[in-house]
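With UniProt numbering, the residue at position 17 of the sequence shown is 17, and numbering never jumps.
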Amino acid sequence: VDNFIHADMHPGNILVRVAQTKPSNKRLFKSKPHVIFLDVGMTTELSKDDHTNLLEFFKAVALRDGRTAAECTLKLSKQQNCPNPKAFIE
Numbered sequence: 001v002d003n004f005i006h007a008d009m010h011p012g013n014i015l016v017r018v019a020q021t022k023p024s025n026k027r028l029f030k031s032k033p034h035v036i037f038l039d040v041g042m043t044t045e046l047s048k049d050d051h052t053n054l055l056e057f058f059k060a061v062a063l064r065d066g067r068t069a070a071e072c073t074l075k076l077s078k079q080q081n082c083p084n085p086k087a088f089i090e
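The following block contains the structure:
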């Protein structure tokens with residue numbers, strides 16, 4: 001909405017909550033997880049390109065589209081040092 005984003009994103013600041021059900025891998029994949037961001041004390045403003053890319057990334061995650069999420073992840077870095085981008089995407 002205001003083009004600000006969490007500037008200290010790391011695994012310790014991200015929680016994924018799924019509905020409590022009986023243990024079953026099938027139910028996990030049918031569930032609708034909620035992503036919760038913690039400790040939003042540092043923020044930054046995004047460029048238009050980064051804003052568009054990040055929206056596409058979160059859409060891909062929500063749709064469980066790993067290929068698009070991987071492509072967006074690679075676009076987030078100005079300097080690409082991924083040793084094998086094609087393998088990362090696949």
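Built from N, CA and C at the ideal position, the CB exists for glycine as well. Here the structure is a predicted model, which means the values were calculated and not measured.
Could you pull the DSSP bridge partners for residue i from this structure?
i	result
Asp4	Checking the sequence shown, residue 4 turns out to be Phe, not Asp. DSSP output for Phe4 lists Glu45 as bridge partner(s).
According to DSSP, is residue i part of a helix, a strand, or is it coil?
i	result
Val18	coil
His34	strand
Val61	helix
Pro83	coil
Asp39	coil
Glu90	coil
His51	helix
In terms of residues, what are the limits of the alpha helix (DSSP H) holding residue i?
i	result
Lys75	66-75
Can the beta-carbon of residue i be found less than 9 Å from the beta-carbon of residue j?
i	j	result
Glu45	Ile5	yes
Arg64	Ile89	no
Spell out a yes or no on whether the stretch 3-12 and the stretch 60-74 are touching, meaning 3 or more CB-CB pairs, one atom from each, closer than 8 Å. As far as the Cβ criterion goes, the stretch 3-12 does not touch the stretch 60-74, which means the pair count is below three.
Inspect the CB distances between the stretch 29-47 and the stretch 74-89 and report whether three or more fall short of 8 Å. Verdict: no, contact absent.
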